[in-house]
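In what follows, a single structure is set out as structure tokens and then discussed.
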Amino acid sequence: MSNAATAESFGVRLKRKVLNAETKLFEWRPCSCTIVARDGKLLLQLQTPSQDEDSHSEQDNETETVTIDLATQLLNVMPKKNKARCDLEYYAPVATMSGQVLKEELMAPSATHCQQWIAQERRPMRRCRQAAVSSMTAGTAEHPTLLQ
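Numbering-wise (the UniProt record's numbering), the sequence shown opens with residue 1 and increments by one.
Spelled out as structure tokens, the structure:
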């Protein structure tokens, strides 16, 4: 089985630092982090349940999803001083045309889990960038097909 196929199904549960709209304070929310393959691209999906824990209706039980293209959006995954935490830096989606760099702070259960997750994210990120450079030097401007 190739690494790309393995990455396609790899998911991990972390916590994501989010701003509570009501209290204006940051809080740690459960987050499902998954690398998925779609249209020849590797994408990192961060899925966080809605902030309203008191809500029991199905309508309010929405999940916020942040999708990051590993080849074109993800800039870096950096461990923090507290080794169980890391920062994910990425460009805002192309649709916004802002070029703004966004940051997500994630927390793993332990420093070891965090280091393993960072390594897991960096491998496909490097592979995507190498494929993009190869396609540029070959004269193609299209996104590389990563899952062959």
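Think of the CB as a built atom: it goes at the ideal place given N, C-alpha and C, for glycine as much as any other residue.
Helix or strand or just coil, what does DSSP make of E121?
Position 121 of the sequence shown, counted from the first residue, corresponds to residue 121. The three-state secondary structure of E121, taken from DSSP, is helix.
Decide yes or no for the touch test of the region 67–86 against the region 118–127: beta carbon pairs closer than 8 Å, at least 3 of them.
These segments touch.
I'd like the list of long-range same chain contacts for L106, defined as Cβ closer than 6 Å, with 5 residues on each side in sequence excluded.
Residue mapping note: residue 106 aligns to position 106 of the sequence shown, counting from 1. Hits under 6 Å: L14, R16 and C86.
Thinking just about the alpha-carbon of each residue, which of A84, V94, P79 and L46 is nearest to the one in P30?
Translated into the one-based positions of the sequence shown, residue 30 becomes position 30. Of all alpha-carbon atoms in A84, V94, P79 and L46, the one lying nearest the alpha-carbon of P30 is that of L46.
With C-beta atoms as the reference, is P79 less than 8 Å away from C114?
Within the sequence shown, residue 79 is the residue found at index 79, counting from 1. Within the sequence shown, residue 114 is the residue found at index 114, counting from 1. Between P79 and C114, the gap from beta carbon to beta carbon is short of 8 Å.
Please name the residue, chosen from T112, S110, N76 and K81, that lies closest to L102 on a Cα-to-Cα basis.
Locating residue 102 in the sequence shown gives position 102, where the first residue counts as 1. Closest by alpha carbon: N76.
Identity of the residue in L43, A84, K83 and L19 nearest P66 by Cα:
As a position in the sequence shown, residue 66 is number 66, starting the count at 1. Per the sequence presented here, residue 66 reads as Val, with Pro not at that position. Of the listed residues, the one whose Cα sits closest to V66 is L43.
According to DSSP, residues forming a beta bridge with Q37
Position 37 of the sequence shown, counted from the first residue, corresponds to residue 37. Correcting the residue identity first, residue 37 is Ala in this sequence and not Gln. DSSP lists L42 as partners of A37.
With distance defined between alpha-carbon atoms, name the residue in G40, A108 and E104 nearest to A84.
Position 84 of the sequence shown holds residue 84. Of G40, A108 and E104, the residue nearest in Cα terms is A108.
If you draw a straight line from the C-alpha of G11 to the C-alpha of Q100, how long is it?
Translated into the one-based positions of the sequence shown, residue 11 becomes position 11. Translated into the one-based positions of the sequence shown, residue 100 becomes position 100. Our two residues, G11 and Q100, have alpha carbons roughly 27 Å apart in a direct line.
Could you name the residues that DSSP lists as bridge partners for residue 158?
Coverage of the chain is limited to positions 1 through 148, which leaves residue 158 absent and any answer about it impossible.
Between the C-alpha atoms of W28 and V18, what's the straight-line distance to the nearest angstrom?
Taking the first residue of the sequence shown as position 1, residue 28 is located at position 28. Taking the first residue of the sequence shown as position 1, residue 18 is located at position 18. Taking the straight line joining both Cα atoms gives about 6 Å.
Report all residues from its chain with a CB closer than 6 Å to the CB of E62; omit the five preceding and five following residues, and keep chain order.
Position 62 of the sequence shown holds residue 62. The residues S50, in chain order, have a CB closer than 6 Å to that of E62 in the same chain once the five nearest residues on each side in sequence are set aside.
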